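Asker: Structure incoming, see below.
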Amino acid sequence: MASSSKALIESLGSLDKDSYVSLLSKLIGESKFVQNNPPELIPQEDLIVNHVLDSLRPYSTETGGGPLVINHVAYHSGRGNLIVEYPGSVPGKILSFVGMHMDVVTANPDDWEFDPFSLSIDGDKLRGRGTTDCLGHVALVTELMKRLGQNKPALKSTVVAVFIASEENSSIPGVGVDMLVKDKLLDKLKSGPLFWIDTADKQPCVGTGGMIPWKLHVTGKLFHSGLAHKAINAMELAMEGLKEIQTRFYRDFPPHPQEKVYGFATPSTMKPTQWCYPAGGINQIPGECTVSGDVRLTPFYDVKEVMTKLQEYVDDINSNVEKLETRGPVSKYVLPDENLRGRLTLSFDEASAGVACNLDSPGFHVLCKATEEVVGHVKPYSITGTLPLIRDLKDEGFDVQTSGYGLMATYHAKNEYCLLTDMCQGFDVFVRIISQLDQD
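Here the sequence shown is numbered in UniProt numbering, starting from 1 and rising by one per residue.
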C-alpha cells in the first residue's frame, strides 16, 4: 500500500462506535414516523434529515465550521433529500455514496419480540426497524462525512453523499432520487463511480432482478357442483392455463449463461403468489377467479419482450382452450350447446427492469479490493430482488455499484437488526474506497 494511501486511511481512522450508536438511536426513534405505506402511512423523512443536519452542520460552510457543502432538497413538505459534499482539489474527480434512504417498511409491534421503534442493544446486535434497511446506513455515511469534515484530509476527489426520501414505496411520485436526477442535481456524479449503499451482507451486489406483477382473471360458468357437466370450472381452468403459461415461459426464458458470471441465486421465475374468487357455497363450481403473481427477471432478458410473450401465450390458450388438459370425465372449458368458452384475461401492474453492474468498472474493482482487505474475502453476488431506482440511474449514465452492511436475513423482516461490527467494517471499506480512488 502506498504511503500516501496508508496516511489517508490512518487520518480517517475507524468508526466512532459511541457516536454512531448515539445517532442511530435518534434515527430509530423516528422510524415509526417514516414508515412508507400510503395512503395510511406517509413518511416524514425530514425527521431523519434534521438529525443528520445536527451531526454535519458544525463542519459545514453554512456555519463556517468546516468544508462540507450541504443542500437540503424537498419536493413535498416534510419529505426532504440531503446532498452533502466534501470538496476535492481536482475538478471532475468525484465519487459518491448514494441510496441511503430515510424511509422504512412498516412494522407491527405486536409481532416483534422487542419495540421496533426504539433502538435496543443485545451484545453486537443493534435492533429496531431500519437498522439494516436503511437507517443504519444513513447513520454510517453521516459518520463518514462528519469524519471528513472534522479531519479535513487533502483529497483530489470530491466525495458526495446523497441521502434520499421515498425508496420503499413509489406510489407517491416526484419525491426522491428520481427528481434529483430530473433536476440534474446529480449530473456531476456521472464523472466517477456511484456506490449505492442499500444492500446487505458486506459483499458487492452486482446484479438485481426485474419484476413484472401480473393478474390472470379466469372466466368460466358457475353451476351446481352436482351437475358438473353444465359448468366451466374457473379454478380448474386457472390451474391448467397457468401451468401452460409457466411451461412456455421457462421454455422461452431459460437460465441465461451470464447468470453464472454474476452469481445469481436463481434464474428468471414466473409463479403465482395470490388467489381470490367470489364467495359462494361449497356446492358451487366457481364461474370466475383471479390468480396473481410476479415474474422475476434477470437483467439479461427484456421486460417488454417478456410481457409481450405472456400475452401471446394467453391469446393462444384462449383460441385453443378446448385443447387444455381437463380434470376428470366431465371437466371441460367449452360448452358448445350454450356457445360458451372459458377465457383467460391477463393484465399487468407497473413493471421494472433489473440491473447488471459493470464488472469492468474501476468502481467495481475498488469496491472488491476494499472488501477483501477489510472483510477478508470478496464474493460478489446477485439476486432477483428489485432495486428499480438503480436501474434508472444506470440508464441515465451513472456507473452504479452496490453494497451494504446490514443483514439480508433481517431485511424487511420482523425483529430486524444489524451488527455493530459489520457497520464498523463498512466504514473501513468506505475509507479504503476513498483512499484507492484518490491515488489514481
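We put the beta carbon where it would ideally sit given N, CA and C, even for glycine.
As the structure is a prediction and not an experimental result, all values here were calculated from the model.
Please classify Asn-151: is it buried, with 16 or more other beta-carbons within 10 angstroms of its beta-carbon, or exposed?
Answerer: Within the sequence shown, numbered from 1, the residue matching residue 151 stands at position 151. Asn-151 should be labelled exposed.
Asker: Consult DSSP for Lys-184 and reduce its assignment to one of helix, strand or coil.
Answerer: Position 184 of the sequence shown, counted from the first residue, corresponds to residue 184. Correct three-state label for Lys-184: coil.
Asker: Against chain D, with Cβ distances strictly below 7 Å, would Lys-190 count as a contact?
Answerer: In summary, chain D is missing from the structure at hand, where a single protein chain is found.
Asker: Pro-336 by DSSP, collapsed to three states: which one?
Answerer: Here the question's residue 336 lines up with position 336 in the sequence shown. Of the three classes helix, strand and coil, the one that applies to Pro-336 here is helix, per DSSP.
Asker: Considering Cα atoms alone, identify which of His-76, Gly-80 and Phe-97 is closest to Tyr-86.
Answerer: Residue mapping note: residue 86 aligns to position 86 of the sequence shown, counting from 1. Residue Phe-97 is the option with its Cα nearest to Tyr-86.
Asker: Can you look up Tyr-86 in the DSSP assignment and give me helix, strand or coil?
Answerer: Taking the sequence shown and counting its residues from 1, one reaches residue 86 at position 86. If DSSP states are grouped into helix, strand and coil, Tyr-86 belongs with the strands.
Asker: Inspect the CB distances between the segment 261-276 and the segment 380-395 and report whether three or more fall short of 8 Å.
Answerer: Yes, the segment 261-276 is in contact with the segment 380-395.
Asker: So what's Glu-288 in DSSP terms, helix, strand or just coil?
Answerer: Residue numbering aside, residue 288 sits at position 288 when the sequence shown is read from its first letter. Three-state result, Glu-288: strand.
Asker: With a floor of 4 residues, list each alpha helix (DSSP H) that falls wholly inside the segment 323-390, ordered by position along the chain.
Answerer: Listed in chain order, they are 362-375.
Asker: Can the beta-carbon of Ser-89 be found closer than 7 Å to that of Lys-32?
Answerer: Mapped onto the sequence shown, residue 89 falls at position 89. Mapped onto the sequence shown, residue 32 falls at position 32. Contact: no.
Asker: Please report how far the alpha carbon of Gln-44 lies from the alpha carbon of Leu-180, in whole angstroms.
Answerer: Counted from its first residue, the sequence shown places residue 44 at position 44. Counted from its first residue, the sequence shown places residue 180 at position 180. Distance between the alpha carbons of Gln-44 and Leu-180 is about 18 Å.
Asker: What does Phe-163 pair with, by DSSP beta-bridge criteria?
Answerer: The residue labelled residue 163 in the question sits at position 163 within the sequence shown. Paired residue(s): Leu-82 and Met-100.
Asker: Let me check one thing: in DSSP terms, what residues is Ala-200 bridge-paired to?
Answerer: If you number the sequence shown from 1, residue 200 lands on position 200. Paired residues: Gly-406.
Asker: By the DSSP assignment, the alpha helix (DSSP H) with Gly-136 in it spans what residues?
Answerer: Within the sequence shown, residue 136 is the residue found at index 136, counting from 1. 135-151 is the span of the alpha helix (DSSP H), which, as asked, contains Gly-136.
Asker: Tell me which residues share the same chain as Gly-176 and place their Cβ nearer than 7 Å to its Cβ, disregarding the 5 neighbours each side in the sequence.
Answerer: Here the question's residue 176 lines up with position 176 in the sequence shown. These residues qualify, in order along the chain: Asn-81, Ile-164, Ala-165, Ser-166 and Glu-167.
Asker: Just the Cα atoms here: how many angstroms apart are Leu-216 and Lys-323?
Answerer: Taking the first residue of the sequence shown as position 1, residue 216 is located at position 216. Taking the first residue of the sequence shown as position 1, residue 323 is located at position 323. If I take the Cα positions, the gap works out to 19 Å.
Asker: Is Met-1 helix, strand or coil by DSSP?
Answerer: Counting from 1 along the sequence shown, the entry for residue 1 is found at position 1. With a pLDDT of 47 at Met-1, under the threshold of 50, the modelled position of that residue is not reliable, and the figure given next carries that caveat. Three-state result, Met-1: coil.
Asker: Relative to the C-alpha of Met-100, which residue among Thr-106, Pro-91 and Leu-27 is closest?
Answerer: Taking the sequence shown and counting its residues from 1, the one referred to as residue 100 is at position 100. Minimum Cα distance to Met-100 is reached at Leu-27.
Asker: Any idea what DSSP makes of Ala-74, helix, strand or coil?
Answerer: Here residue 74 is taken as the residue at index 74 of the sequence shown, counted from 1. Ala-74 falls in the strand class under three-state DSSP.
Asker: Cutting at 6 Å between CB atoms, please list the residues of its own chain near Thr-219, excluding the five before and the five after it.
Answerer: Translated into the one-based positions of the sequence shown, residue 219 becomes position 219. Correct list, in chain order: Glu-288 and Arg-343.
Asker: Quick check on DSSP: helix, strand or coil for Pro-38?
Answerer: Indexing the sequence shown from 1 puts residue 38 at position 38. DSSP places Pro-38 in coil when its eight states are reduced to three.
Asker: In the DSSP assignment, find the unbroken beta strand (DSSP E) run with Gly-192 in it and report its ends.
Answerer: Residue mapping note: residue 192 aligns to position 192 of the sequence shown, counting from 1. No beta strand (DSSP E) holds Gly-192; DSSP gives it neither H nor E.
Asker: Taking DSSP as the reference, what is the three-state secondary structure of Gly-65?
Answerer: Looking up residue 65 in the sequence shown gives position 65. In the structure shown, Gly-65 sits in coil (DSSP, three-state: anything other than H, G, I, E or B).
Asker: Please return the same chain residues whose Cβ sits closer than 7 Å to the Cβ of Met-1, not counting the five positions on each side in sequence.
Answerer: As a first step, residue 1 is located in the sequence shown; it is residue number 1 there, counting from the start. For Met-1, the predicted structure reports a pLDDT of 47, less than 50, and the residue's modelled location is therefore unreliable. A value from the coordinates is still provided. Same-chain partners within the cutoff: there are none.
Asker: Tell me the DSSP bridge mates of Asp-294?
Answerer: As a working mapping, residue 294 is identified with position 294 in the sequence shown. According to DSSP, which records beta bridges pairwise, Asp-294 is partnered with Pro-213 and Lys-271.
Asker: How would you call Cys-357, buried or exposed, if buried means at least 16 neighbouring beta carbons within 10 angstroms?
Answerer: Locating residue 357 in the sequence shown gives position 357, where the first residue counts as 1. Counting Cβ neighbours within 10 Å, Cys-357 comes out buried, since at least 16 surround it.
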